[in-house]
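Chains as they are written, first to last, in the working numbering: chain A, 1 to 858; chain B, 1001 to 1858. Written below as structure tokens is the structure these notes are about.
Quick look at the structure:
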């Protein structure tokens, strides 16, 4: 049986939150109680004992050491008599490898730390004779009054005894709701909701003076907070926790339930609000992908169905139009017949037809709808999880490292601006580097390029691109961390936000540079026959085959999406953790052989060291946001993107669930009201998506030239003659007078050789350019206006929730008014004849010249 | 001496909040106490007594009746035993003129209402033998315990005894701050700030259990809330209030202090947060206009300085260029020489030069900076005014009328969407109506138009336009109110927001239609010589003289801004109130003559009936937001707009101040955290401003054609020959073969008569169009990106405030921890040997299987 709990590692301590194994429900497992057998272990810290001579230090990973940091901070904040100096912070110590503490020094610091813990009222017990050599455990029990005090400080909302009926709206709405609920019943996870859905208890910030109002049984299975960290304080903690994790394993972390909703309430109960919000967000995103995928498939099928009626591709494929084209490259290529581009032309119609424009508009609005839907869902979760009064800023603590640096030398805060510039410089470097890699790749492969193997080469290029993306991704992650650390941000939150922002910028540029290049730069600025543009000496700018750029873009998008997901999911998310776990187990077994201990007597918290540490949600979010970018940014050129994303996410949810439930130490539960900076990044992406899609439709696809031809130049209002119209004439003798006179064609709008302004950009070119630009302006502003309108139309707080909040407030006032009146009548009885109901202890503290109300006593 | 207090009128009751006269500080004025001479009058309601036979009813004006409505609502909410039926609501009664209550019925309802007031603990006294005939007064006294209870419900933050030092940052920053403060000292109003600036008391939500923490003296001069309405509950209410209003009169409501900052703290103390925020916003706006006005004047001066070096106008004014132009209109006009347009061309350079483009970008960023600056200021005020924990939604009550309508018949809530459509239909109607008025005006004036009187005619047209705008403004206000009332919005807040939104849309369209017409439609789509566009039978579309459209736009903007402000300030804001007051006084004197009463014995609240009612802040905000629109939307064509706005606002602030202090009844103080929907409207405007300015520069000014000429067509890279390039050739014989052959010129880009495609739009036209459109895209996206960047760069919460909030939280925790430890040690002393510090009454309510901690007692 495999145990699973969460933990964190720091330089000196190693912390484990007690969870419970989903496999073996043995409540009285060794090590769950203090030695008195009564007080339960709520939290375990571990530290290294140097006696075994091993000097290796547990590595401190990103996001891991928050518990000790927060604990220390709040200790130093509260017990002003014995503050911990920031320079003694273990995290800083871990990073400053030069300073090497002796074992005695360490023990002294540990003792001081433990003393401070005890001062806050916590009870401790040590276990240094562990079966795992070199590791000591410090078990912590949080007594009831400490929990109460912390709950009061946190203004933690607790359900009261007062229960009210949730009004379900008018009967018709209610009937529809019930019907939907009945239909979707198989989609809901089988999680027992003990409370009736139509009843909800009033919540009130916990206060010891108002404890009589708090519902006794409910109060037991809430989360309690100690020094900003939650500890699960149910009296039946192990039963609850085992039950929770068993249920999660069955109803969530299994591929067999892929079609079901996630048990978000349970996830939040077991992992805390922050992780709960991530999975809720992922769920909403996946759900919203379903309609997008369906429409995308329909658009693609429309392309398939109309491919045979498409006049331009018919004209290209018609062998009677014997059109000779200019060579596409310098040495290896020669004049070619347009009819050979028939395949590409037909294929490109699949992704470039009238439905694509509609789909772009749809996806821009879809992104807005998704954001709105998520805002509402988040609001609903905030309400259900009683977070409505919780202020985010409570969590924003100074980073220990910052305090340390400030002590050491004056940190220049102006660093941060500088660092933004450095980030952008690196971004620019990335772009240049990638373009030069492309150029190098193409230059070397150039001589062997022949038209018929073009597609194969493109595919290989795309795959090479993908591999580069994945490798660079890891490098950029490290650069972003390094940059952010240089900045020394002041608070934990700003550190995380800056890190995320930088990582995002770098990874985003990394993922999208080749795509942007293909969409907007490939095949432009190539010059014209006889006057081509040469860069880097004699490298002629690449040209696309007829409609070829769009196809290449599609292939690149397809391979990036599929490949990135396959490799990331399989290799990084399944393979690597499995490998790491195997290594850890082997290592521990090696140690066990040296000092033979029977494996079965391992205590719960000892087993947990074999699990992987929790490295934060950022990689998960990052992966999803890059995917969101793929889905929205270039949807105009690849309508199947939402489908691919959907398929990936269905697997992703269960994969992440499995990882969280069985592979990782149970993470520290953290409170959160929203998904933070990720929301802003999503918003930014959906804004950029509008303009990118406008440009893709206007400049990459042939939509605007077709439209302009149809309404301005076509003799019969159809697309007949369109292909001819897009091709200019070139007199071959102008290139080399030795050639036999004939005219070849090339794809551009230029004046013919017989015009007085030969080979200059023609009037058609400018007219079409104006039309393209006008389209961009209209598209961008119309979609933005529609987005703002949708944003404004949908209220951020769902109506039923705002009604319930309103109702709760009224009920709360009523409850207190009744209490008040009870007191008042009691006071009246005491004072008998006096008309003024002020009882002695309610009188104000001697107002200076206030008329004394008792004067009215008869 | 003139008394001034605020009051509200409703159908049955007439409420007055007691203020104090700024002129005569007589504390023991008659009528300020109950008849016992001890209990002070906190609030006065008035009602009509029918005995004098007069049936006239005090008119109920917008925003006036909120007090009674809110009072009634909270009464019916709290005393569940005797709820007031919504259909008995006096407001509804006032609107339903059909239902005519008898005097007895009214008295019965009044009695019921008074009973409910008493149930909430308020003390009442009637005064029906008033010196003003036909009016009864109901005086209300709110006892101490009622105020305490309400403060607790409201979670009103009160300063505690604990005072802490506000850290002033590093020494250099502090020195600069001090220096700036010293330099600007004469700009600060002479308001005595009794508290040292470097100290601030901790605030804590009021709770009777924690009353010992609340600072005694501070507690006295806070605002108290009763049934959602504030009453000024200082023990020295009259001294405080008189002092306040005296100070306000001297340091705020006087033109002699126009250069000073406003005493915002004092304004908030006297008028409440909502009005305080309005004046703070107006102050920030005016302050921000100073740099904009300076840059605007510099841009204008740059235009003046460079007018003689401007090549295009030099070319136009050069008589050697003997260019003959086609007639601008059909019958009255004939061929004319371009040199006659010399004046207009030179004038238009003042507003159309390279600096204008820079100024447009500057103003777009200025708008963003203004919004950011205001957000920060608002945040700071929220902090200083202890509103940080105050939830806006507390104030959102159902409207009585809505409840009434729901009772009467099922209200269809889908109305609201419909109403938005109706609004837009009306908006469209407005546009059509205005255009047809324009057409009519021009058609009638057409025969007398001669070129040299053109400017005079334009100015007259602009003035006529202005008068139409002002008249229509009033009509549209009424339409918006009517539409919103049809919608029956559910809550007060949504009613107000919908009303504001509709009024804004209508007034905005009204104010900007002529300007938009001039900027974007005048002189376009006119056709070409020989093929003009005719509409409405034979009305030829208006053409502009060379560069004339821009000048007309300038004149229109100038007259609208100056005229609107002059007329609105003088006529509506000074003249009308004075007139109304005179009428009221005369009326009351007429009554006095009938029943002679010595004028001097009038009680305070009786005098207040002579003052005008407070009609809400919406008209003030609306005026300012339309001005903001003028300043930002068309700034590209009129760089002096910020200067005009600045001059107007300096007067406006003092004018409004005078009105609030001396002309109006003292308004009910309302709590508010922000300026609500106005902020969104401002944001919307500054977004629209970007795109409008982009279009003005690209299409209304000649900036892009000049640029294109200089870089694409000019032989020597200068503007020489630009005028010639903008004019096309027309062969007069093509119009009428009877004419002698000569070519006239017209302003357009078309092929010449000798081309194979004669009179078709030329290649230059399309190239310039593409450039114009490209400019719009670049301008819009660059400015939007810069705006977002500025938005992201400036934190919403000022650094010092966020540090102070953080510090306060830590101090608060410390304070409570000390209290806690005191209790704990006391408990330990009681329980003596027991290690567990739980005192008996702190124990949790019997946890089911929690290990009993007392087991640890030694």
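Glycine included, each C-beta is placed from N, C-alpha and C at the ideal position. Bear in mind the structure is a predicted one, so any value in this text is a computation, not a measurement.
Residue 766 (chain A): contacting residues in chain B (beta-carbon distance under 7 Å):
Within 7 Å Cβ-Cβ: 1763, 1766, 1767, 1770.
6 Å Cβ shell around residue 263 (chain A) - same chain, five flanking residues per side excluded
189, 191, 251, 252.
query = With respect to the alpha helix (DSSP H) encompassing residue 1494 (chain B), which residues constitute its N-terminal and C-terminal limits?
reply = In the DSSP annotation of this structure, the continuous segment of the alpha helix (DSSP H) that includes residue 1494 (chain B) starts and ends at 1492-1516.
*Under 7 Å between beta-carbons, which chain A residues line up against residue 1776 (chain B)? List them in chain order, please.*
Under the 7 Å cutoff, chain A gives 777.
task = Going by DSSP, name the residue or residues bridged to residue 1612 (chain B).
result = DSSP output for residue 1612 (chain B) lists B:1664 as bridge partner(s).
* How would you list, in chain order, the residues of chain B whose beta-carbon sits under 7 Å from the beta-carbon of residue 773 (chain A)? -> Within 7 Å of the CB of residue 773 (chain A), the CB atoms of chain B belong to 1770, 1773, 1774, 1777, in sequence order along the chain.
_Let's test the definition: count the other Cβ atoms within 10 Å of the Cβ of residue 1281 (chain B) and tell me whether it reaches 16, buried, or not, exposed._
By the neighbour-count rule (16 or more Cβ atoms within 10 Å), residue 1281 (chain B) is buried.
Practice item. Mind reading off the beta-carbon distance from residue 1625 (chain B) to residue 1681 (chain B)? Whole number of angstroms is fine, and I expect it under 8 Å. Key: About 6 Å separates the beta carbon of residue 1625 (chain B) from that of residue 1681 (chain B), a gap short enough to meet the 8 Å contact definition.
Could you check where the alpha helix (DSSP H) with residue 285 (chain A) kicks off and where it finishes? Element bounds for residue 285 (chain A): 273-306.
query: Alpha carbon to alpha carbon, how far is residue 474 (chain A) from residue 1521 (chain B)?
result: Each residue's alpha carbon lies about 55 Å from the other.
Worksheet entry | Cα-Cα separation between residue 1042 (chain B) and residue 1801 (chain B), rounded to whole angstroms | Going by the C-alpha atoms only, they are around 35 Å apart.
Discussion item. Considering only the alpha carbon of each residue, which of B:1501, B:1754, B:1746 lies closest to residue 1685 (chain B)?
Written reply: Taking residue 1685 (chain B) as reference, the option from B:1501, B:1754, B:1746 with the minimal CA-CA separation is B:1501.
Report the partner residues of residue 140 (chain A) according to the DSSP bridge assignment. Note: residue 140 (chain A) sits in a beta bridge opposite A:43, A:124.
Contact list for the region 683-696 of chain A against chain B, Cβ threshold 7 Å: Result list: 691.
Chain B contacts made by the region 810-822 of chain A, where a contact means CB separation under 8 Å
So the list reads 810, 813, 814, 816, 817, 820, given in the order they occur along the chain.
- request: Measure the Cβ-Cβ separation of residue 288 (chain A) and residue 798 (chain A) and say whether it is below 8 Å.
  value: The answer is no: Cβ separation not under 8 Å.
Q: Drop a sphere of 10 angstroms on the beta-carbon of residue 1764 (chain B), count the other beta-carbons inside from all chains shown, and report buried for 16 or more, exposed for fewer.
A: By the C-beta density criterion, residue 1764 (chain B) is buried, having at least 16 other C-beta atoms within 10 angstroms.
- Could you give the distance in angstroms between the alpha-carbon of residue 1485 (chain B) and the alpha-carbon of residue 1664 (chain B)? Using only the alpha carbons, I get a separation of about 26 Å.
Exercise. By the criterion of Cβ-Cβ separation under 9 Å, what are the contact partners of residue 1116 (chain B) in chain A?
Worked result: Those do not exist, as residue 1116 (chain B) stays about 13 Å from chain A at its closest Cβ, beyond 9 Å.
| query | Using a Cβ-Cβ cut-off of 8 Å (strictly less than) and excluding sequence neighbours within five positions of residue 393 (chain A), which residues of its own chain qualify? | reply | Any reading at residue 393 (chain A) is ruled out, since the residue's pLDDT is 49, under 50, leaving its predicted position unreliable.
**Study point:** Within chain B, the residues that residue 382 (chain A) reaches when beta carbons sit closer than 9 Å
**Key:** Residues of chain B passing the Cβ test: none, with the nearest at roughly 13 Å.
* Asked: residue 465 (chain A) CB to nearest chain B CB: under 8 Å?
  -> Judged by the 8 Å Cβ criterion, residue 465 (chain A) is not in contact with chain B.
Which term fits residue 316 (chain A), buried or exposed, when burial requires 16 or more other beta carbons within 10 angstroms of its beta carbon?
-> Classification for residue 316 (chain A): buried.
Decide if residue 1467 (chain B) is buried, meaning its Cβ has at least 16 other Cβ atoms within 10 Å, or exposed. It is exposed - the Cβ of residue 1467 (chain B) has fewer than 16 other Cβ atoms within 10 Å.
#### Entry: Residue(s) in a DSSP beta bridge with residue 336 (chain A)
Beta-bridge pairing links residue 336 (chain A) to A:325.
* To do: Kindly indicate the opening and closing residues of the alpha helix (DSSP H) around residue 1346 (chain B).
  => Start and end: 1342-1351.
Next item on the list: Pull out every residue of the region 1495-1524 of chain B whose Cβ sits closer than 9 Å to any Cβ of chain A, in chain order.
Entry: Answer in chain order: no residues at all.
_Beta carbon of residue 365 (chain A) nearer than 8 Å to that of residue 787 (chain A)_ = Going by C-beta atoms, residue 365 (chain A) is nearer than 8 Å to residue 787 (chain A).
Mapping the DSSP letters down to three states, classify residue 1649 (chain B) as helix, strand or coil.
If DSSP states are grouped into helix, strand and coil, residue 1649 (chain B) belongs with the helices.
In terms of alpha-carbon separation, which member of A:362, A:274, A:766 lies closest to residue 1761 (chain B)?
-> Looking at the Cα atoms, A:766 is the closest of the given residues.
- prompt: What first and last residue would you give for the alpha helix (DSSP H) that runs through residue 1313 (chain B)?
  reply: Start and end: 1311-1317.
key: Helix, strand or coil at residue 749 (chain A) according to DSSP, with G and I counted as helix   = Of the three classes helix, strand and coil, the one that applies to residue 749 (chain A) here is coil, per DSSP.
Practice problem: Out of B:1371, B:1175, B:1707, state which residue places its alpha-carbon closest to the alpha-carbon of residue 1795 (chain B). | Solution: If we check each option's Cα against that of residue 1795 (chain B), B:1371 comes out closest.
Residues of chain A with CB closer than 8 Å to the CB of residue 1153 (chain B), please, in chain order. Ordered by position in chain A, the residues that pass the 8 Å Cβ test against residue 1153 (chain B) are 813, 816.
Item checked: Contacts that residue 781 (chain A) makes with chain B (C-beta to C-beta distance below 7 Å) -> From the beta-carbon of residue 781 (chain A), the residues of chain B found nearer than 7 Å are 1691.
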